[in-house]
Structures are given as structure tokens and as C-alpha cells.
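Asker: Structure provided below as C-alpha cells; questions to follow.
In our numbering, the protein residues as written are 38 to 157.
Structure (C-alpha cells):
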């Protein structure tokens with residue numbers, strides 16, 4: 038999108054926050070593309086989440102990650118699980134790797150659908 042302005046929504050902060058203390062343990066100011074993003078074949082949001090979790094030393098500690106649909110991907114959750122970090126999140130039904138039946142669901146406001154794959 039060549040005409041999209043980066044400052045359209047002001048400053049963006051990507052944060053890792055502690056749900057008990059309500060403090061941010063790590064954050065990154067969005068300034069456009071990050072060097073790690075270009076190398077990440079999994080995608081920019083995957084690279085961002087992994088980078089913040091790694092820099093904060095939260096992987097391999099048994100923590101649980103909660104994230105919204107902008108950051109969710111099945112590959113991210115599988116890789117987090119392999120790094121001893123569980124995750125929960127909302128999902129966009131058009132994400133790669135999701136079951137086809139999720140595309141057909143037409144949920145109304147307030148309705149919830151849950152899917153599991155093995156331990157995830």
C-alpha cells in the first residue's frame with residue numbers, strides 16, 4: 038500500500054505485559070520494518086512475538102501467552118509449545134493452517150467457538 042501513512046494511528050507500541058503486576062516487561066516502538074522481519078519466513082507478527090518473548094527471557098519458563106488475532110498463527114502457537122510456553126488467542130478465520138470448517142462458521146456477536154489440536 039504505497040499511499041498508506043505510518044503515522045495514521047499515531048505511535049504504536051508492541052508490549053509484553055505481566056497479567057498480575059500489570060507492568061510491561063518489554064516493548065518495542067513500531068518504526069516500520071524491523072531487520073528480523075525480513076528474515077522471518079513465518080511472517081512479521083510471528084517474528085515480533087518471538088523476538089519480544091526471547092528478549093524478555095520468557096520462553097522455556099512455563100509461562101502462558103495471551104494474544105489477540107493480529108498476532109495469532111497456528112505455527113506460532115506450535116513453536117511456542119515446543120519452547121515450553123503455552124498460548125491462547127482470538128483468531129482470524131482466514132489464517133493459514135486453520136481447519137477448513139472454521140471458514141464456514143458464521144458466529145454471531147457474543148458467540149464463541151473453540152478448537153484444539155493435540156495439547157494445543
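Ideal placement from N, C-alpha and C gives every residue a C-beta, glycine not left out. This structure is a prediction, so every number in the text was calculated from the model and none was measured.
Under the three-state reduction of DSSP, which class applies to residue 125: helix, strand or coil?
Answerer: If DSSP states are grouped into helix, strand and coil, residue 125 belongs with the strands.
Asker: Would you identify the three-state DSSP class for residue 138, choosing helix, strand or coil?
Answerer: DSSP places residue 138 in helix when its eight states are reduced to three.
Asker: List the residues that DSSP assigns as beta-bridge partners of residue 64.
Answerer: In the DSSP output, where bridge partners are listed per residue, residue 64 has 52.
Asker: If I measure Cβ to Cβ from residue 111 and keep anything under 6 Å in the same chain, skipping five residues before and after, which residues do I get?
Answerer: Excluding positions up to five away in sequence, the list reads 134.
Asker: Mind checking residue 38: buried by the 16 CB within 10 Å criterion, or exposed?
Answerer: Note that residue 38 scores 48 on pLDDT, short of 50, meaning its location in the model is unreliable; the coordinates nonetheless yield the value given after this. Label assigned to residue 38: exposed.
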